[in-house]
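Student: Numbered by mature numbering (1 follows the signal peptide of the UniProt record, and there is no 0), the letters in the sequence shown go through residues -28 to -1, 1 to 219 in order.
Idealized CB from N, CA, C, for every residue including glycine.
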Amino acid sequence: MLRRRLPHLGIALAALVVAGTASTPASALCTVPAIAGATASGALPRTTARLKARQPVRILAIGSSTTAGVGAGGVGFAHRLGPMVKARWPDTTVEVVVSGVSGETASGAAGRMQSELAQHHPVLVVWQLGTNDANFGVSAEAFRATIASGLAAIRAANADVILVDPQYSRWAEGRPRTGEFAALIAAEGARAGVPVVRRYQAMFQLAQANRSAFDGLLAFDGLHLSAAGHDCMAQQVAGTIVRNARR
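#1: Could you tell me the alpha carbon to alpha carbon distance between A217 and T11, rounded to whole angstroms?
#2: How far does the beta strand (DSSP E) with Q100 in it reach, from first residue to last?
#3: Tell me the DSSP secondary structure of G72 in three-state form.
#4: Please say whether L101 and P138 have beta carbons closer to each other than 9 Å?
#5: Shortest alpha-carbon distance to G201 belongs to which of I31, G43, R149, T212?
#6: Which residue comes first and which comes last in the alpha helix (DSSP H) that contains V214?
#7: Starting from the N-terminal side, write out each stretch of the alpha helix (DSSP H) that is 4 residues or longer and does not extend beyond the stretch 125 to 172.
#8: Identify, in the order they occur along the chain, each residue of the same chain with its Cβ nearer than 7 Å to the Cβ of V73, setting aside the five sequence neighbours on each side.
#9: Is the stretch 51 to 71 close to the stretch 121 to 134, with three or more CB pairs under 8 Å?
#10: Beta carbon of V166, beta carbon of D132: below 9 Å?
#11: I need the DSSP call for R26, collapsed to helix, strand or coil.
#12: When DSSP labels each residue in this structure, what does A179 get in the three-state scheme?
#13: If distances are taken between C-alpha atoms only, which option among S184, M175, H196, Q91 comes closest to Q208?
#14: The alpha helix (DSSP H) with F49 in it runs from where to where?
#15: Where does T64 fall in DSSP's three states?
#16: Do R147 and A106 count as a contact pair if the criterion is CB distance below 9 Å?
#17: Measure the CB-CB distance between residue 220 and R170 and report whether it falls below 9 Å.
#18: Hey, quick one: how far does the alpha helix (DSSP H) through A15 stretch, first residue to last?
#19: I need the DSSP call for A78, collapsed to helix, strand or coil.
#20: Rounded to whole angstroms, what's the CA-CA distance from A25 to L53? Just pull it up for me.
#21: For A33, which beta-bridge partners are listed by DSSP?
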């Protein structure tokens, strides 16, 4: 049985919204090359072992407004992730604990990390980070140190991790720090040997190739992801998990 903790929404409502998004024309955006190739390689040994053994998998999704589901009525990528993984392993329990705080920087999530890990004991942590750090003037050095401390806490809890970098958006245009922080996350992920969902790169490439398709991934404010954008992001995270399990 799939179990998900959904803030501010009932499980039935969330299930209805998730089921509906899969058939929307906008979800076809997820198959374009820029989006489909958005994940850097890395290992998820604990998650893979449990899925192959058909053992329960608990995922902690931690981050800021994207994780909280802003732009998609509170039913964001993290809420959609469980059913996507479950579809590949229907006889396995997949639970996603959603811990998103709008406006939070990576240091805020890192500060919560140990308590979240101790409370939920996840097999996998999906850490979405970087947008607010770039916007709020956090230094590159401080950001690197935060990533290192967060990854250390996750390793100490014997959990796998997937990093998710900032979205490219209309807000990010003309603000190079967002791309710089995305590059920092990619470098730190490669150094640590963990997967990175590189949505900044994917969305930037899509914006150059097909502006209307790119706009379809964004909410009305031009910053946050739309429902279609959240759906694509969930597909990329789920695809990362599936690809690791197939190795």
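Tutor: Reading off the structure:
#1: Counting from 1 along the sequence shown, the entry for residue 217 is found at position 245. Counting from 1 along the sequence shown, the entry for residue 11 is found at position 39. In a straight line, the C-alpha of A217 is about 15 Å away from that of T11.
#2: Reading the sequence shown from its first residue, position 128 is the one you call residue 100. Segment 96 to 100, the beta strand (DSSP E) holding Q100.
#3: Position 100 of the sequence shown holds residue 72. Here G72 sits in strand by DSSP.
#4: One-based indexing of the sequence shown puts residue 138 at position 166. One-based indexing of the sequence shown puts residue 101 at position 129. Going by C-beta atoms, P138 is nearer than 9 Å to L101.
#5: Locating residue 201 in the sequence shown gives position 229, counting from the first residue. Closest option to G201, Cα to Cα, is G43.
#6: In the sequence shown, residue 214 corresponds to position 242, counting from 1. Note, V214: alpha helix (DSSP H), 199 to 217.
#7: 148 to 164
#8: For this step, residue 73 is matched to residue 101 along the sequence shown. For V73, where only same-chain residues beyond five positions count, the Cβ hits under 7 Å are S36, A40, G80.
#9: no
#10: Translated into the one-based positions of the sequence shown, residue 166 becomes position 194. Translated into the one-based positions of the sequence shown, residue 132 becomes position 160. Cβ distance < 9 Å, so V166 and D132 count as in contact.
#11: Along the sequence shown, one-based indexing puts residue 26 at 54. Looking at R26 - three-state DSSP - the assignment turns out to be coil, as it is neither helix nor strand.
#12: As a first step, residue 179 must be located in the sequence shown, where it is residue number 207. The answer is helix: DSSP assigns A179 an H, G or I state.
#13: Residue numbering aside, residue 208 sits at position 236 when the sequence shown is read from its first letter. Checking every option, the nearest Cα to that of Q208 belongs to M175.
#14: Looking up residue 49 in the sequence shown gives position 77. Run containing F49: 49 to 60, per the alpha helix (DSSP H) assignment.
#15: Taking the first residue of the sequence shown as position 1, residue 64 is located at position 92. Of the three classes helix, strand and coil, the one that applies to T64 here is coil, per DSSP.
#16: Residue 106 sits at position 134 when you count from the first residue of the sequence shown. Residue 147 sits at position 175 when you count from the first residue of the sequence shown. In this structure, R147 lies closer than 9 Å to A106 by Cβ.
#17: Beyond the ends of the chain as shown, which are -28 and 219, falls residue 220; an answer cannot be given.
#18: Your numbering for residue 15 matches position 43 in the sequence shown. That residue, A15, is in no alpha helix (DSSP H); it is neither H nor E in DSSP.
#19: To locate residue 78, count along the sequence shown from 1; it is residue 106. Looking at A78 - three-state DSSP - the assignment turns out to be helix.
#20: Translated into the one-based positions of the sequence shown, residue 25 becomes position 53. Translated into the one-based positions of the sequence shown, residue 53 becomes position 81. Looking at the two C-alpha atoms, the distance is approximately 20 Å.
#21: Stepping through the sequence shown from its first residue, residue 33 is reached at position 61. Looking at the DSSP assignment, A33 forms a beta bridge with V70, V98.
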